[in-house]
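In this note's numbering, the protein residues as written are -7 to 100. Backbone N, C-alpha and C define an ideal beta-carbon position, used for all residues, glycine too. Keep in mind that this is a model prediction, so the values were computed, not measured. Let me begin by presenting the structure, written as structure tokens, before commenting on it.
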Amino acid sequence: MEETPKKERNTGMAIVAYILFFIPLLTNAKNDPFVKYHVKQGLALFITAIAAAIINQFLFLIPFLGWGLSWLIGFFVFALFIVGVSNASKGEQKPLPLIGKFGEKFKF
């Protein structure tokens, strides 16, 4: 993957990619390899969050244990979000823990 010099990186759009992954694709930032990398990571996080929400709907039906697991899954997704935003703000292209390798496989 093409490496963009740190001083020229569009960290603002890379951070936005974790909030709404498709917004940078609607701007000129879509041509920046650094932003595109974080868009892919943001998309992987979005898919993970949807899967977690579906799983949580079923876990919430189980008193106590299910509630705890539901909270733990939500915390995990939020922690991944924080890691992604932190990496983008520092100008780093690190994959997210556990799900980042899936994000690197997206082609666009």
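Exercise for review: In angstroms with no decimal places, state the Cα-to-Cα distance between residue 96 and residue 57.
Suggested key: If you draw a straight line from the Cα of residue 96 to the Cα of residue 57, it is about 34 Å long.
Review point. Do you know offhand how far residue 62's Cα is from residue 43's?
Key: 12 Å
Practice item. Since I believe residue 73 is in contact with residue 37 (beta carbons under 8 Å), could you give me their beta-carbon distance rounded to a whole number of angstroms? Key: 6 Å
Review point. Where do the ends of the alpha helix (DSSP H) carrying residue 33 lie?
Key: 25 to 51
Check your understanding: Got a sec, what are the start and stop residues for the alpha helix (DSSP H) residue 70 sits in?
Key -> 57 to 81
Check your understanding: By Cβ distance below 6 Å, which residues in the same chain neighbour residue 91 in space, the five residues on each side in sequence not counted?
Key -> 36 and 40
Practice item. Please go through the same chain and pick out, in chain order, the residues whose beta-carbon is closer than 7 Å to the beta-carbon of residue 31, but skip the five residues on each side of it. Key: Contacts found: 9, 13, 16 and 17.
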